[in-house]
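Novice: Below you will find the structure I want to go over with you.
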Amino acid sequence: MDSSQVNNRKTRIKTFLLRYIRNYALEDDSDIFGGGLVNSLFAMQLITFLEKEFAITIENRDLKLDNFRTVNAMADLIERKS
Amino acid sequence: MGIQLSEHQKKDQAAFREFVNKEIIPHANKYDSEERLPDELLVKVARQGYSGAILPEQFGGRAMDYITYGLLNEELGRGCASVRGFMMMQNMVALTLLKWGSEEQKERWLGKIASGQIIAAFALTEPEIGSDAMHIETTFTDADNETYMVNGHKKWITLGQIADLFLVFGKRRGKLSAVLMEKDTPGLTITPLTGMLGLRASMLAELHFDNSPVTKENLVGRVGFGFVPVGITALNLGRYSIAWGCLGIGQACLDACIDHTSTRKQFGDYLKNHQLIQKMIADMTVNLKAGRLLSYHAGHMQEMGDQDAIMEIMVAKYFTSKMAFKIASDAVQIHGASGCSHDSAVQRHLRDAKIMEIIEGTSQIHQIKIADYAYREYAG
Ligand SMILES: Cc1cc2nc3c(=O)[nH]c(=O)nc-3n(C[C@H](O)[C@H](O)[C@H](O)COP(=O)(O)OP(=O)(O)OC[C@H]3O[C@@H](n4cnc5c(N)ncnc54)[C@H](O)[C@@H]3O)c2cc1C
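Chains G and D supply the protein sequences, listed in that same order.
For the first sequence, counting from 1, position 66 maps to 66 in my numbering; every step adds exactly one.
For the second sequence, counting from 1, position 127 maps to 1127 in my numbering; every step adds exactly one.
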């Protein structure tokens, strides 16, 4: 996987997150669950977004907070599932 | 964007309609007064493939798209909200297992739910906790390495009186989780709840868990993921089903009013020629059309896997449940005393419509979430 593709994925994830977490200096390694930034409906929307945007299926075994905690973690998850 | 049903969807809709007209409408008031759905009816519903409406064929389902599934809810809702609720519950639990269950859970249960061999129920609400679902008090503790002990109390559980399998929500070391529990589990006591305002044939029950053992392979999803995504997957489908079911309630009431006002005369003229009656008919028609558009839109987004579908479904459910209550209330008004009689359908629809503003998230909880969505969507 070349780095421009990884960056492109991260940008798409960030664009989605920033629609919700406005005015927040979101870094690739910011913990989005740590700071109480997201509520339950948004967490569900995030799963739906990742599935559709990156044509992956999130399954039972992927349900670990560490897979979704940061932009980097989500990009890694997508990489593993693509 | 145009909204047009495909030939296939139209054919399915006609079949749903025929089933409801023949098998449900003639008996719906009896289900309501007897507070139960007969076994023969549940077998017929399952035989039509409605219990596994949205499951893939591989599990014996009908693999309906979301619009077709919406049409099914509308038609069943036009007949009887409790029958629709039965179908909805089966699909809520089935979809949740399909998406988040283990392979073993899918193999073991999905075919049985789809065929009607077993009846599934969804057990989240407790006597002390309703809207604030994150704070449920049921616990899953360790009995040993392989088994959880479930302790707690659930209330208002649809089909609780007859369900074989419960999707039970509780806390595992403080983290919200979900397990499957069979009805004959030791320590599980099921107490019927009767005399509800509406959805009277839904055979509600209270569940008490007193050291009820559940082996750990019955965990659905993972510890800490019981609400998101497990519970929300079910609730999202539930809200979508209710939105369409409310269209059915509204349509049934409007149809009844068109009929009644065309045959009943007062002051020497048919009711339909009195302008205050026309106002109510016009409002019913407009609101039904608006609700239908919201429901189609939500269904389309859900079908596309759009991340905002969950919010659009809340918008549709909020609108149509209020709409159904208002239409049913006006329908009773238009029918006068005959609309208040136990053998009229509109009084049943009115009672059922009120419930729709409470279940799967009350109107107030919907308002809070929709306002939040608005600030996200429209803030500069
Ligand atoms: C017929 C029927 C069938 C049901 N079936 C099931 C089932 O199968 N499974 C299941 O788990 N549950 C079921 N329920 C329970 C249902 O989901 C709950 O009734 C619902 O979630 C609301 O909870 P509550 O009744 O405890 O009301 P509460 O949460 O106590 O709310 C009471 C009132 O306060 C309002 N309110 C609460 N919080 C706020 C707030 N923050 N701001 C403003 N207003 C607020 C509510 O909107 C409501 O008007 C059923 C209920 C009924 C009536």
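Every residue, glycine too, gets a C-beta built ideally from N, C-alpha and C.
#1: Have a look at Leu1288/D, Arg1036/D, Thr1191/D and Ile1358/D and flag the residue whose alpha-carbon is nearest the alpha-carbon of leucine 1235/D.
#2: Mind checking whether leucine 1247/D and threonine 1320/D have CB atoms under 8 Å apart?
#3: Could you tell me which of Pro1229/D, Glu1303/D, Ile1355/D and Ile1334/D sits nearest to asparagine 60/G, measuring between CA atoms?
#4: Across the segment 1051 to 1058 of chain D and the segment 1090 to 1101 of chain D, are there enough close Cβ pairs to call them in contact, namely three or more that are closer than 8 Å?
#5: Is the distance from the Cβ of glutamine 1105/D to the Cβ of isoleucine 1067/D below 8 Å?
#6: What residue from Glu1303/D, Ser1338/D, Lys1369/D and Asp1330/D has the CA that sits closest to aspartate 1065/D's CA?
#7: Does at least one heavy atom of ligand 1 sit under 7 Å from the Cβ of isoleucine 1157/D?
#8: Tell me which residues of the segment 21 to 50 of chain G have at least one Cβ-Cβ distance to chain D shorter than 8 Å, keeping chain order.
#9: For the segment 1212 to 1228 of chain D, list every residue whose C-beta sits within 8 Å of some C-beta in chain G, in sequence order.
#10: Between the segment 1248 to 1255 of chain D and the segment 1317 to 1332 of chain D, do at least 3 Cβ pairs fall closer than 8 Å?
#11: Tell me whether methionine 1196/D, by its Cβ, gets closer than 7 Å to a heavy atom of ligand 1.
#12: Please name the residue in Phe1225/D, Ala1114/D, Ser1344/D and Gln1275/D whose C-alpha comes closest to that of lysine 1171/D.
#13: Out of curiosity, what's the CA-to-CA distance linking alanine 1046/D and isoleucine 1113/D?
#14: Taking all protein chains shown into account, decide if serine 1312/D is buried (16 or more other Cβ within 10 angstroms of its Cβ) or exposed.
#15: Just verifying my parser: in three-state terms, what is the DSSP assignment at valine 89/G?
#16: Would you identify the three-state DSSP class for histidine 1342/D, choosing helix, strand or coil?
#17: Grab the span of the alpha helix (DSSP H) containing phenylalanine 16/G for me, first residue to last.
#18: Could you say which of Thr48/G, Gln45/G and Tyr24/G lies nearest to leucine 37/G if we only look at CA atoms?
#19: How about the segment 1076 to 1089 of chain D and the segment 1013 to 1028 of chain D: do they share at least three Cβ pairs that are nearer than 8 Å?
#20: Which runs of the beta strand (DSSP E) spanning at least 3 residues fall entirely within the segment 1100 to 1148 of chain D, listed in chain order?
#21: In chain order, what residues of the same chain lie with their CB nearer than 6 Å to the CB of asparagine 1145/D, ignoring the 5 residues before and after it?
Specialist: Short version:
#1: Ile1358/D
#2: Closer than 8 Å, so yes.
#3: Pro1229/D
#4: yes
#5: Not closer than 8 Å, so no.
#6: Glu1303/D
#7: At least one heavy atom of ligand 1 is nearer than 7 Å to the Cβ of isoleucine 1157/D, so yes.
#8: Arg22, Asn39, Ser40, Leu41, Ala43, Met44, Gln45, Leu46, Ile47, Thr48 and Phe49
#9: Going along the segment 1212 to 1228 of chain D in chain order, one finds Gly1221, Arg1222, Gly1224, Phe1225, Phe1227 and Val1228 with a Cβ nearer than 8 Å to chain G.
#10: Contact annotation: the segment 1248 to 1255 of chain D touches the segment 1317 to 1332 of chain D, with at least three C-beta pairs closer than 8 Å.
#11: yes
#12: Phe1225/D
#13: 9 Å
#14: Checking the displayed sequence, the identity of residue 1312/D turns out to be glutamate instead of serine. So glutamate 1312/D ends up on the buried side.
#15: Any question about residue 89/G goes unanswered here, given that chain G covers just 1 to 82.
#16: coil
#17: For phenylalanine 16/G, the enclosing alpha helix (DSSP H) starts and ends at 3 to 20.
#18: Tyr24/G
#19: yes
#20: Segments of the beta strand (DSSP E) lying fully in the segment 1100 to 1148 of chain D: 1120 to 1123 and 1139 to 1142.
#21: none
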